[in-house]
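Chains as they are written, first to last, in the numbering used here: chain H, 1 to 222; chain R, 223 to 444.
We put the beta carbon where it would ideally sit given N, CA and C, even for glycine.
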DNA sequence: TTCCCTCTGTATCAGTTGTTACATATCCGG
DNA sequence: CCGGATATGTAACAACTGATACAGAGGGAA
């Protein structure tokens, strides 16, 4: 299975005309990343559009004191919009990106992507849609950040990222990174959640016991 | 001077072909707003693309306790990207918008805008560029929010929004709104700035005395 | 001038968060 | 089963922030 076949699993690329395929084949790169392979650093020149084939990318900022904060995730079939962004505006990449285990990405060189964008309306639509989605995620995150306490944000994060069985397989350190705080703060909040019977904690994971109370907490931090 | 002439002051519209103009003329609306005319409310259905002709729009979120936080401004020639966003994704508007004094906006109905987007590459480019710019602004704001204290954010805000003479004509309440905090906090921080000779405060405005020290403060909150 | 409204200055207190420091627990490999 | 590495639990403190309360100060209108 070559790169183009992989790309064609995703609708915008499946719809490409023959010319699109020819364009695409010129210099598209496939990359396999393992956890902690850093895909892109802040300030780096963006060389093309990234499309996630499998796995997941995490985009985050890094404060001077070392605490991270996740901005958003990039799932299979999605492109890194920030990279698109830089591509179209000749800007340097403004954040850090890390791959989770077994992530495969393809890199479509900038020149090719720009040509595709001009000629293929499905690529145009995908681009606009991806940008729009990101704007929405960022807005939501910003709004949460300025109107919620950590307790609310944690409750929200747990509900949002837990599996359908109510299990969240993450260390407290990882959760802390996502929320832009430290492990101790997460531990303190989780202690309170546990005391109130909202969750159960184990090493490396956490189980929701009372989802509705967690939900209420988001609106009424009481 | 009719609406289309006004729109043509801005490049993307100047470049429109004859057909584009015909499309544009069908139902474009001109609106004049005075301060505190609220252009758009959270949860409202977005009826079209907004282009600012003169004046300025402010987009902000509103926390349950009533504190505002400015997300970004929309200057003449720019469009409200959030509205575009909703337009292309059939979403409800996710924030509040307020006009400053003497702001004139034009409203291009959604159906027309979508057609223009499909047929006119200048409109495509404008849309992508506007979305990209917004993504960048939001990212920057988010990063600042999670890595800076109010002191740093205030110093940054003052430097960024002061006139070339170093004058910032805003009440402390307005500044507080922009940073998502309360007036008293701003007063407390400004007191410190004044004590250190960084700024001078007057009723309704504030003058920068030592820009370079303010700049240093952003990096080293000391 | 005088009244009134808005804007500013200040003090104090409570709540939240980040930091430091250390104890304990769990997992994994040898 | 024994260490080392990693993850968690806990306490105590400092810093920052938001909330409350009130005292002036400035500016405009009658």
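Nearest-angstrom Cβ-Cβ length linking residue i and residue j, presumed shorter than 8 Å
i                     : j                     : result
residue 94 (chain H)  : residue 152 (chain H) : That belief does not hold up - the Cβ atoms of residue 94 (chain H) and residue 152 (chain H) are roughly 27 Å apart, past 8 Å.
residue 189 (chain H) : residue 199 (chain H) : Not confirmed; about 10 Å, so no contact.
residue 258 (chain H) : residue 157 (chain H) : Not covered by the structure: residue 258 (chain H). The range shown for chain H is 1 to 222.
residue 354 (chain R) : residue 88 (chain H)  : 6 Å
residue 27 (chain H)  : residue 109 (chain H) : 5 Å
residue 365 (chain R) : residue 67 (chain H)  : Rounded, the Cβ-Cβ distance is 12 Å, inconsistent with contact.
residue 71 (chain H)  : residue 367 (chain R) : Incorrect: roughly 11 Å between the Cβ atoms, too far for contact.
residue 16 (chain H)  : residue 127 (chain H) : With a Cβ gap of about 14 Å, residue 16 (chain H) and residue 127 (chain H) do not count as contacting.
residue 111 (chain H) : residue 166 (chain H) : The Cβ separation is near 47 Å, so there is no contact.
residue 154 (chain H) : residue 97 (chain H)  : With 8 Å as the limit, residue 154 (chain H) and residue 97 (chain H) do not qualify as a contact, their Cβ atoms being about 24 Å apart.
residue 50 (chain H)  : residue 116 (chain H) : Not confirmed; about 14 Å, so no contact.
residue 52 (chain H)  : residue 74 (chain H)  : 5 Å
Residues that DSSP places opposite residue i in a beta bridge
i                     : result
residue 427 (chain R) : R:424
residue 216 (chain H) : DSSP output for residue 216 (chain H) lists no bridge partner at all.
residue 273 (chain R) : R:301, R:328
residue 68 (chain H)  : H:62
residue 295 (chain R) : R:280
residue 92 (chain H)  : H:45
residue 262 (chain R) : R:319
Extent of the continuous alpha helix (DSSP H) run through residue i
i                     : result
residue 78 (chain H)  : Taken as a continuous stretch (DSSP letters only), residue 78 (chain H) belongs to no alpha helix (DSSP H), as it is neither H nor E.
residue 253 (chain R) : Residue 253 (chain R) -> not in any alpha helix (DSSP H); beta strand (DSSP E) instead, spanning 251-255.
residue 13 (chain H)  : 11-14
residue 46 (chain H)  : Careful: residue 46 (chain H) lies outside any alpha helix (DSSP H) and carries neither H nor E.
residue 5 (chain H)   : 3-7
residue 240 (chain R) : 240-247
residue 411 (chain R) : 405-417
residue 165 (chain H) : It is not in any alpha helix (DSSP H) - residue 165 (chain H) carries neither H nor E in the DSSP assignment.
residue 401 (chain R) : 394-401
Any C-beta of chain H under 7 Å from that of residue i
i                     : result
residue 439 (chain R) : no
residue 365 (chain R) : yes
residue 442 (chain R) : no
residue 319 (chain R) : no
residue 316 (chain R) : yes
residue 292 (chain R) : no
residue 356 (chain R) : yes
residue 307 (chain R) : yes
residue 360 (chain R) : yes
residue 285 (chain R) : yes
Enclosing beta strand (DSSP E) for residue i [first to last residue]
i                     : result
residue 143 (chain H) : Here residue 143 (chain H) belongs to no beta strand (DSSP E); instead the alpha helix (DSSP H) covers 121-147.
residue 60 (chain H)  : 57-62
residue 151 (chain H) : Segment 150-161 is the alpha helix (DSSP H) holding residue 151 (chain H); no beta strand (DSSP E) there.
residue 321 (chain R) : 318-321
Buried versus exposed, by CB contacts within 10 Å (16 or more), residue i
i                     : result
residue 417 (chain R) : exposed
residue 161 (chain H) : exposed
residue 386 (chain R) : exposed
residue 267 (chain R) : exposed
residue 340 (chain R) : exposed
residue 314 (chain R) : exposed
residue 85 (chain H)  : buried
residue 327 (chain R) : buried
residue 192 (chain H) : exposed
residue 48 (chain H)  : buried
residue 204 (chain H) : exposed
residue 55 (chain H)  : buried
residue 172 (chain H) : buried
residue 186 (chain H) : buried
residue 43 (chain H)  : exposed
residue 424 (chain R) : exposed
residue 32 (chain H)  : exposed
residue 215 (chain H) : exposed
residue 64 (chain H)  : exposed
residue 180 (chain H) : buried
Any C-beta of chain R under 7 Å from that of residue i
i                     : result
residue 147 (chain H) : yes
residue 211 (chain H) : no
residue 18 (chain H)  : no
residue 180 (chain H) : yes
residue 131 (chain H) : yes
residue 128 (chain H) : yes
residue 88 (chain H)  : yes
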